[in-house]
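What follows is a single structure, written as structure tokens, with notes after it.
Numbering (our numbering), first residue to last: 13 to 179.
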């Protein structure tokens, strides 16, 4: 058991110098094992080198195709719009009704069930069949851009320049 005053703690320990004799603790093979390419000086092997056979990187097929980074639109079904009361339906009314997760995102109404409400719907997209149902009921669809989220950053006011006095 070591005593508290004998503890050897240091934030910056010196690195172990290997290959400096048996008594130094890292002598003879100096932690390189015995024989082979790995034990030699000037060893230059790629991380993917597999001893002359085909590297595993070449054995795996390439990822082909295309992956879109665009986030798909939030979907609202036509029959869900019947529950919303009001003459105007937009992203914020859909968000308050709990039909979408965020009002600052593309929303598309698609067909499911019958649309019976007569309202002005102002969103990014709507399927053609739902648009026909809406116009038949006397409603109107207006294609609008997605509302931008207001910045949460506080605007910093620059200090006013003071007039320099001449001496």
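Ideal Cβ placement from N, Cα and C applies to all residues, glycine included.
In this text, all values refer to a predicted model and were calculated from it rather than measured experimentally.
Note to self: Rounding to the nearest angstrom, what Cα-Cα distance links residue 52 and residue 34 in this structure?
What the structure shows: Indexing the chain shown from 1 puts residue 52 at position 40. Indexing the chain shown from 1 puts residue 34 at position 22. Approximately 19 angstroms between the Cα atoms of the pair.
Next item on the list: For residue 116, I'd like the list of residues in its chain whose CB is within less than 8 angstroms of its CB, leaving aside the five on either flank, ordered along the chain.
Entry: In the chain shown, residue 116 corresponds to position 104, counting from 1. Contacts found: 103, 158, 159, 160 and 161.
Margin query: Taking the straight line between their C-alpha atoms, what separation do you get for residue 121 and residue 93?
Written below: Stepping through the chain shown from its first residue, residue 121 is reached at position 109. Stepping through the chain shown from its first residue, residue 93 is reached at position 81. Their backbone Cα atoms lie some 9 angstroms apart in a straight line.
Next item on the list: Assign residue 102 to one of three DSSP states: helix, strand, or coil.
Entry: Taking the chain shown and counting its residues from 1, one reaches residue 102 at position 90. Three-state DSSP puts residue 102 in a strand.
Check: Which residues bound the beta strand (DSSP E) around residue 135?
Finding: Within the chain shown, numbered from 1, the residue matching residue 135 stands at position 123. Element bounds for residue 135: 132-135.
Item checked: Simplified DSSP state of residue 152, which is helix, strand or coil -> Here residue 152 is taken as the residue at index 140 of the chain shown, counted from 1. The answer is strand: DSSP assigns residue 152 an E or B state.
Check: Name the DSSP beta bridge partners of residue 138, please?
Finding: Residue 138 sits at position 126 when you count from the first residue of the chain shown. Per DSSP, 121.
Notebook entry, point to check: Helix, strand or coil: which one does DSSP assign to residue 166?
Noted result: Walking along the chain shown from the start, residue 166 turns up at place 154. In the structure shown, the three-state DSSP call for residue 166 is coil.
Next item on the list: Starting from the N-terminal side, write out each stretch of the alpha helix (DSSP H) that is 4 residues or longer and does not extend beyond the stretch 32-82.
Entry: 68-71
Next item on the list: Please report how far the alpha carbon of residue 127 lies from the alpha carbon of residue 134, in whole angstroms.
Entry: On the chain shown, residue 127 is found 115 positions in, with the first residue counted as 1. On the chain shown, residue 134 is found 122 positions in, with the first residue counted as 1. Cα to Cα, the separation comes out at about 16 angstroms.
Check: Using DSSP with H/G/I as helix, E/B as strand and the rest coil, what is residue 161?
Finding: Translated into the one-based positions of the chain shown, residue 161 becomes position 149. If DSSP states are grouped into helix, strand and coil, residue 161 belongs with coil.
Item checked: Straight-line gap, residue 131 to residue 82 (C-alpha atoms, nearest Å) -> Locating residue 131 in the chain shown gives position 119, counting from the first residue. Locating residue 82 in the chain shown gives position 70, counting from the first residue. It is roughly 30 angstroms from the alpha-carbon of residue 131 to the alpha-carbon of residue 82.
Notebook entry, point to check: Hey, would you say residue 124 sits closer than 7 angstroms to residue 90, going by beta carbons?
Noted result: Reading the chain shown from its first residue, position 112 is the one you call residue 124. Reading the chain shown from its first residue, position 78 is the one you call residue 90. Yes; because the gap between Cβ atoms is below 7 angstroms, this pair is in contact.
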